[in-house]
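> The structure that follows is given in the form of structure tokens.
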Amino acid sequence: MQTSQTPPNKPRYKRIAVIGTGPSGYSATRALSQEGVFDCIRVFERRDNVGGTWLYDSKSDIFQPPKSDQNPKQNRDRKIPANLHNNPQLTDPEPEDPTVYNPTYDTLDTNAGASTMAFTHTPIPWANSLQSIKKYGRGNSSRPWKSVLAYIEDLFIPYLHFVTFRTTVEKIEKEGTEWVLTLRQERAMYRQHGDASEGRRDYWWQERFDAVVAATGHFSVANVPNIEGLEETAKAFPGKFEHSKAWRAADKYIDKTVVVVGGAVSAADLVDDLHAFVKKPLYLSQRTPNPFLSKAWYLPDVERKPDIKGFSPENSGTIHFTDGTELQGFDHVIFATGYKLSYPFMPFEAITPQNRMKGFYQHIFRIGDPSLTVVGQVKVAVSFRVYEYQAVTVARYFAGRSQELPSIEQQDEWEENRILYKGPTEAFHEIKPDFAEYYGWMTDFHGDPAKGTDTYKLPVWEDCWIDSDIEILLAKDRYWGSIGAVGWVEPRADLPAGPGRIGDDNVNVDVPHTPTVRVNNKRPTGMTIAMALASESGPRLHPHLRNITCSPSEPRLHEAYLHAPSASPSSPLGFPTMRSLSVVALLAAASTTSAAVFEAETGTLAGGAVVASDVPGFSGTGYVTDFIDNTAVLTIDVAGLAAGDYEIKVLYNAQYGDKFTTLTVNGGSSTEVALPNITTTTWETSSAGVFTLTAGTNTVSFARDWGYYLIDAITVTAPPVKPVVVVDVTKGGVAQAEDGIFNGVTAGSSVAGFSGTGYVEGFDVETDKLTFTLHSDTQTLYDVILGYAGVYGGKQTTMSVNGAGGGEVVLLDTSAAASPWANATAGQVLLNVGNNTISFSNDWGWYLLDALYVSPSPPPAPHQVTKVLVAPKPLPETQNLYNTLLAKYGSGTIFSGQADTSGVTWLEQNVGATPAIIGLDMIEYSPTRVEYGSTSTAVEDAIAFDKRGGIVAFQWHWNAPSGLINNDTVPWWKGFYSYGTTFDLTAALADPAGSDYALILRDLDAIAFQLLRLQAAQVPVLWRPLHEADGTWFWWGNFGPESSKALYKLMYTRFTEHHKLRNLIWLWNSVTPSWYPGNDIVDILSYDSYPAAGDHGPVGVQYQALLALGENKKMVTLPEVGSIPDPDILKAYHADWSYFVTWNDEYINADTYNNLAFKKKVYADPTVLKLKDLGNWKGVQSRIKACGASTRAAQK
0 MQTSQTPPNK PRYKRIAVIG TGPSGYSATR ALSQEGVFDC IRVFERRDNV GGTWLYDSKS
60 DIFQPPKSDQ NPKQNRDRKI PANLHNNPQL TDPEPEDPTV YNPTYDTLDT NAGASTMAFT
120 HTPIPWANSL QSIKKYGRGN SSRPWKSVLA YIEDLFIPYL HFVTFRTTVE KIEKEGTEWV
180 LTLRQERAMY RQHGDASEGR RDYWWQERFD AVVAATGHFS VANVPNIEGL EETAKAFPGK
240 FEHSKAWRAA DKYIDKTVVV VGGAVSAADL VDDLHAFVKK PLYLSQRTPN PFLSKAWYLP
300 DVERKPDIKG FSPENSGTIH FTDGTELQGF DHVIFATGYK LSYPFMPFEA ITPQNRMKGF
360 YQHIFRIGDP SLTVVGQVKV AVSFRVYEYQ AVTVARYFAG RSQELPSIEQ QDEWEENRIL
420 YKGPTEAFHE IKPDFAEYYG WMTDFHGDPA KGTDTYKLPV WEDCWIDSDI EILLAKDRYW
480 GSIGAVGWVE PRADLPAGPG RIGDDNVNVD VPHTPTVRVN NKRPTGMTIA MALASESGPR
540 LHPHLRNITC SPSEPRLHEA YLHAPSASPS SPLGFPTMRS LSVVALLAAA STTSAAVFEA
600 ETGTLAGGAV VASDVPGFSG TGYVTDFIDN TAVLTIDVAG LAAGDYEIKV LYNAQYGDKF
660 TTLTVNGGSS TEVALPNITT TTWETSSAGV FTLTAGTNTV SFARDWGYYL IDAITVTAPP
720 VKPVVVVDVT KGGVAQAEDG IFNGVTAGSS VAGFSGTGYV EGFDVETDKL TFTLHSDTQT
780 LYDVILGYAG VYGGKQTTMS VNGAGGGEVV LLDTSAAASP WANATAGQVL LNVGNNTISF
840 SNDWGWYLLD ALYVSPSPPP APHQVTKVLV APKPLPETQN LYNTLLAKYG SGTIFSGQAD
900 TSGVTWLEQN VGATPAIIGL DMIEYSPTRV EYGSTSTAVE DAIAFDKRGG IVAFQWHWNA
960 PSGLINNDTV PWWKGFYSYG TTFDLTAALA DPAGSDYALI LRDLDAIAFQ LLRLQAAQVP
1020 VLWRPLHEAD GTWFWWGNFG PESSKALYKL MYTRFTEHHK LRNLIWLWNS VTPSWYPGND
1080 IVDILSYDSY PAAGDHGPVG VQYQALLALG ENKKMVTLPE VGSIPDPDIL KAYHADWSYF
1140 VTWNDEYINA DTYNNLAFKK KVYADPTVLK LKDLGNWKGV QSRIKACGAS TRAAQK
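Reading the sequence shown from the start, the letters are residues 0 to 1195 in numbering that gives the first Met the number 0.
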């Protein structure tokens, strides 16, 4: 029965976007079209044809092992162009993701039967492949993939006008009531302006919709288990590993030693395809083999092995099994281990580490925002048919012709109850055995079709719909028996088995809290227990069998159901009860080459923590459970060790899915430690990383994080000492990265094209670092070039020299280049006589380092700075200020500066010196701050300092012209931050007649008035607007370089032409070339430097970058610094910064960044120019009367 229906002519949403054109995408497109009430339906497909997973790719995935030290996240890592709103852009083509090729192969036949593969409205045409006829006979229920693809293609023909091909949905995000889709059309053609040459670039744009249907399926991202040593061995032998998704044909495996890993239907098909052709035997490793596929596991020449404990690269690759046996020199390992869910465009983390999509009611509607829906995110549900039902459900809800959704609280309750029923893993999405209930809910919810539409009434669920699936499984069973499978056998003792037992004469399945079940008191025939095959992960718990009757012709067909556990008294999820744990332990002094082990159960327990021993395989006498409550913390005191670096490992069990624990050492910063899912009877080790421990007592704490894991012990081991390789660079030299000193990083060799014997990778946490050791016979400057690969996109690394900062080194994206290896200029370094160190620390991380190229620096080229200011007709005092700076530029001197009057006063009182420059801010003159009562004396302060003979510099933290967030979290006075406003700069600049453009002019005029006051007082200004734009943390940089440059040019024109400001020296404050507005409207280039506390280095990388940016025709300066550069180091580096201005508060009045002794040293240095060194730099008398007219004009 339908209730609360909206009239047919009033849809809930009018503009609909569909993502994907596979069977679920087709279903959604057809259902939406047939409702006939939507203003717009747009369908986006990243490929050039419909069909989804059923499209054939001749290429296959590049194997991607999970990193051993973390739980990697799937993401595209694309750099999305800024400012796409109403501003489509062309960019260089993005590299094709090597892990997105389809799993379809040339001889693929369906494992689902013909009626299952068919929609209710159109039967799938009959077709059998020659291979399936040979195996299963004529007229079998399977279909070759080409027939399935043709079926989808034919059905899509009436709806192709909705589809935009070769278009990837990179991101969806909600703005108000609309969904904004960021779209990229791959390699769109363009014709270059001015000639007839053609090229291909990616085309980016955005479109807005009221609702979105995600129909991208779940057979995209391969699931590879995190096995110890896999990453290292795969890098050493990249051609030896693959996922079943990459399977294309059996040819390359002929007479090869092959290992198949997996216990479900894909593994069974691989065993079928390979066992007769590989070098005998075919090895089959299984953690939890599906007993209902037993005949495949016992085909001839198949040697069954237990779970894999680890891999190692010795002896051309070695596999270590959990029973202690090894296999050396294998040729191929194929992981038939299922898929991970992936929705990389979602605006939130949609997928849990347990591979469940969270927050979607009935697997369809986003809880709290039903305008976002998913079609196709179910398993064991009879596809394609379930996609059809879901699509109609969505379409009629969008059209306003369905029932209303229950309350958000009720939807949340549904999700919680389903987790209790199915668990928090991907089994959450398994519809079996509740087919009738799920299909019934959908048909009740969406109701009958509206009159006058093309849509139709969907039939109710019938049990016989699964007949064709069972027919295929029966056929497989008969075929495997015919080629020599030993039949249904007792599981081997060395293979994992559940508490149930499959015997020769009957099936007894003993399930805790459930009765023992028999099937007709007879042994089932082959695959009659069919549906347990459907999950790639095999049975989740225990098979609970029940009879069903589907048709009179097949009275003995049966289904295997996965039975959810009954809730135990200890936990609503059936998990063991866990409590918090506090452990105090003293580790006896141990050799630095062996591991010191601490058993958790020997510690002191508090807060109701318990020691348990239910899960076998632990060390010692038990383990500690908990990490459910948010306050749960395990703390271990580690003492008796020599000071040094130690690797900490956790012996754990995570039987309830992938987990994380938060580790803290000595109260420092926290590190998340991944605890990948393992079976209930296995304990594994996870490395937390390398940490520096003191000679006294150290604390190692574990906080709950995700919870639901067990900790058995920790080990503390000093990593082996690597010999230091010293490279003599006196006359130039090359230092190979793999010879450096590693801290948290590793050597690699799988990305071809490196120099030497390898490269260094693994930069992914803050403490990761690579150190080179270089020898120089003299103290001199050297040019440094860093060889790297930016295969994960553009990044940055932080360089330090002998422990002092050298600055950030930019590593450009090389993922689309002919070779991934490139060189980055790291600037100059000053090496001392003897050995020196150059280190590269993580910074952004995710890059590869190959080598360091070092050569003696040539003498610096003389500066060629222009003597003419960019603004027309500068006032004499403005030109005199510029001339004063220019006269000292390159002379080995630097002007000193300090932000704010309070900072100047502090210096005078505590250091006994007055800086040459005061840095002030126009912030409080912003109209949207004045509206809230802000006042300022910055202009008066500037005039006062000018009268003392000082130099005035201004920046403007511009509170946005409108759109201030202004709530308790982001108050109005944070309106200069990107997160503090919704003001759209690009849109405002695009509409000069609009209200937002007028507000920009209002704000510019308000600041111009203050600058005119300074002009009237003969005060020239070092004017630095739109500072740090390329950082994007301020709103004027948040819309990309073009908008930022346009705003700068608008300001320059408004100030110089409209307001006739002649007292400004224009500074630009970004290093990035793409952000530079040009030499014609910039006088001085600048960089704001905030290195680590106490790092008084020369900021050399940015110095060289700014010289190049201005072609050495512009002075360069440091208008903001945290740690003041040491003048001695500046002279040694020939770093001719014109001036520095130290920021206020703790940067000047505390010892954190610049201690008092250092500040006194700086201001005592004769090369640091102070107020007393300026003299009469202005050289003119007052002309206030002449400037007054400009002020009055501004006031009008």
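Ideal Cβ positions, reconstructed from N, Cα and C, are used throughout, including at glycine.
If you're wondering where the values come from, they're calculated on a predicted model, not measured in any experiment.
So what does N835 bridge to, in DSSP terms?
Looking up residue 835 in the sequence shown gives position 836. Answer by DSSP bridge pairing, in chain order: L773.
> Determine the burial state of G375: buried for a count of at least 16 other Cβ atoms within 10 Å of its Cβ, exposed for fewer.
Translated into the one-based positions of the sequence shown, residue 375 becomes position 376. By the neighbour-count rule (16 or more Cβ atoms within 10 Å), G375 is buried.
> Would you kindly check if the distance between the Cβ of I916 and the Cβ of G902 is under 8 Å?
Position 903 of the sequence shown holds residue 902. Position 917 of the sequence shown holds residue 916. For G902 and I916, no; Cβs fall outside 8 Å.
> On the three-state DSSP scale, how would you describe W464?
Position 465 of the sequence shown, counted from the first residue, corresponds to residue 464. Correct three-state label for W464: helix.
> For the candidate residues L457, F434, K173, Y478, whose alpha-carbon lies nearest to that of R365?
Here the question's residue 365 lines up with position 366 in the sequence shown. Of L457, F434, K173, Y478, the residue nearest in Cα terms is K173.
> Is A1134 a contact residue of the ligand SAH, with contact defined as CB to any heavy atom under 7 Å?
The ligand content of the structure shown is nil, which means the ligand SAH is not present either.
> Could you tell me whether the Cβ atoms of L298 and I471 are closer together than 8 Å?
In the sequence shown, counting from the first residue as 1, residue 298 sits at position 299. In the sequence shown, counting from the first residue as 1, residue 471 sits at position 472. Taking 8 Å as the cut-off, the beta carbon of L298 is found no closer than this to the beta carbon of I471.
> Where G1178 and N841 are concerned, what is the direct C-alpha to C-alpha distance, given to the nearest angstrom?
On the sequence shown, position 1179 is the one that residue 1178 refers to. On the sequence shown, position 842 is the one that residue 841 refers to. Approximately 50 Å, taken between the alpha carbons.
> Classify Q327: buried if its beta carbon has 16 or more other beta carbons within 10 angstroms, exposed otherwise.
Walking along the sequence shown from the start, residue 327 turns up at place 328. Its Cβ having fewer than 16 others within 10 Å, Q327 is exposed.
> Exposed or buried, which one is V1255 when buried takes at least 16 other CB atoms within 10 Å?
Because the chain in this structure spans residues 0 to 1195, residue 1255 falls outside the shown range and cannot be described.
> Which same chain residues, not among the five before or five after I15, have their C-beta less than 8 Å away from its C-beta?
Translated into the one-based positions of the sequence shown, residue 15 becomes position 16. The answer, listed in chain order, is L31, F37, C39, I40, R41, F208, D209, A210, V211, V212, F397.
> Just to confirm, are L1021 and A952 a CB contact at a threshold of 8 Å?
Residue numbering aside, residue 1021 sits at position 1022 when the sequence shown is read from its first letter. Residue numbering aside, residue 952 sits at position 953 when the sequence shown is read from its first letter. Closer than 8 Å, so yes.
> Would DSSP call R1204 helix, strand or coil?
Because the chain spans 0 through 1195 in this model, residue 1204 falls outside it and cannot be assessed.
> How long is the line joining the alpha carbons of P1019 and R1053, rounded to whole angstroms?
Here residue 1019 refers to the residue found at position 1020 when the sequence shown is read from its first residue. Here residue 1053 refers to the residue found at position 1054 when the sequence shown is read from its first residue. The straight-line gap from Cα to Cα measures roughly 18 Å.
> Under the rule that 16 or more other beta-carbon atoms within 10 Å means buried, what is I407, buried or exposed?
Working through the sequence shown from its first residue, we reach residue 407 at position 408. So I407 ends up on the exposed side.
> Going by beta-carbon coordinates alone, are T106 and V147 separated by less than 8 Å?
Position 107 of the sequence shown, counted from the start, is the residue given in the question as residue 106. Position 148 of the sequence shown, counted from the start, is the residue given in the question as residue 147. In this structure, V147 does not lie closer than 8 Å to T106 by Cβ.
> Quick one: grab the DSSP three-state call for Y655.
Here the question's residue 655 lines up with position 656 in the sequence shown. Of the three classes helix, strand and coil, the one that applies to Y655 here is coil, per DSSP.
> Less than 8 Å between the C-beta atoms of L1060 and Q1014, yes or no?
For the purposes of this step, residue 1060 is taken as residue 1061 along the sequence shown, with counting starting at 1. For the purposes of this step, residue 1014 is taken as residue 1015 along the sequence shown, with counting starting at 1. Going by C-beta atoms, L1060 is nearer than 8 Å to Q1014.
> Compare the C-alpha of A435 against each of P423, C463, P280 and name the closest.
If you number the sequence shown from 1, residue 435 lands on position 436. Checking every option, the nearest Cα to that of A435 belongs to C463.
> As a quick exercise: from N1078, Y1089, T836, D1127, pick the residue whose alpha carbon is nearest that of L1105.
Numbered from its first residue, the sequence shown carries residue 1105 at position 1106. For the residues N1078, Y1089, T836, D1127, the minimum Cα distance to L1105 belongs to N1078.
> Beta-carbon separation of V223 and P352 under 8 Å?
By one-based count along the sequence shown, residue 223 stands at place 224. By one-based count along the sequence shown, residue 352 stands at place 353. Contact: no.
> Just mark A1215 as buried or exposed, buried being the case when its beta carbon has 16 or more other beta carbons within 10 Å.
Nothing in the structure corresponds to residue 1215, since the chain is present only between 0 and 1195.
> Beta-carbon within less than 7 Å of P448's beta-carbon, same chain only, minus the 5 sequence neighbours each way: which residues are those?
Working through the sequence shown from its first residue, we reach residue 448 at position 449. T454, Y455, K456, listed in sequence order.
> Could you have a look at H319 and say whether DSSP puts it in helix, strand or coil?
As a first step, residue 319 is located in the sequence shown; it is residue number 320 there, counting from the start. In the three-state DSSP reduction, H319 falls in the strand class (E or B).
> Need the endpoints of the alpha helix (DSSP H) that T28 sits in, please.
Looking up residue 28 in the sequence shown gives position 29. Counting along the chain, the alpha helix (DSSP H) containing T28 begins and ends at 22-34.
> DSSP puts D704 in a beta bridge; with which residues?
Residue 704 sits at position 705 when you count from the first residue of the sequence shown. None; D704 has no bridge partner.
> Does the beta-carbon of L811 have 16 or more other beta-carbons within 10 angstroms, so that it is buried, or is it exposed?
Counting from 1 along the sequence shown, the entry for residue 811 is found at position 812. Its Cβ having fewer than 16 others within 10 Å, L811 is exposed.
> Helix, strand or coil: how does DSSP classify Q327 here?
Here residue 327 refers to the residue found at position 328 of the sequence shown. Three-state result, Q327: strand.
> Keeping to the same chain, check which residues put their C-beta closer than 6 Å to that of E807; ignore five residues upstream and five downstream.
The residue labelled residue 807 in the question sits at position 808 within the sequence shown. These residues qualify, in order along the chain: Q795, T797.
> Check whether the Cβ atoms of W955 and P1024 lie closer than 8 Å to each other.
Locating residue 955 in the sequence shown gives position 956, where the first residue counts as 1. Locating residue 1024 in the sequence shown gives position 1025, where the first residue counts as 1. With respect to P1024, W955 sits close: the two C-beta atoms are nearer than 8 Å.
> Taking the runs of the beta strand (DSSP E) that are 3 residues or longer, which of them lie wholly in the stretch 997-1074?
Listed in chain order, they are 1020-1023, 1063-1067.
> Just the Cα atoms here: how many angstroms apart are L1003 and T1141?
Counting from one through the sequence shown, the residue named residue 1003 turns up at place 1004. Counting from one through the sequence shown, the residue named residue 1141 turns up at place 1142. Going from the Cα of L1003 to the Cα of T1141 covers about 27 Å.
> What residue from P280, Y707, P312 has the CA that sits closest to D300's CA?
Translated into positions along the sequence shown, residue 300 becomes position 301. The residue with the shortest Cα to Cα distance from D300 is P280.
> Which of helix, strand or coil does DSSP assign to T176?
Along the sequence shown, one-based indexing puts residue 176 at 177. Of the three classes helix, strand and coil, the one that applies to T176 here is coil, per DSSP.
> Run the CB neighbour count on K521, radius 10 Å, all protein chains shown included, and call it buried at 16 or more, exposed below.
One-based indexing of the sequence shown puts residue 521 at position 522. Low confidence applies here, because K521 scores a pLDDT of 26, under 50, leaving its location unreliable; read the following figure in that light. When all chains shown are included, K521 counts as exposed.
> Return yes when the Cβ of T103 is within less than 8 Å of the Cβ of Y55, no when it is not.
Your numbering for residue 55 matches position 56 in the sequence shown. Your numbering for residue 103 matches position 104 in the sequence shown. A contact, by the Cβ cut-off of 8 Å.
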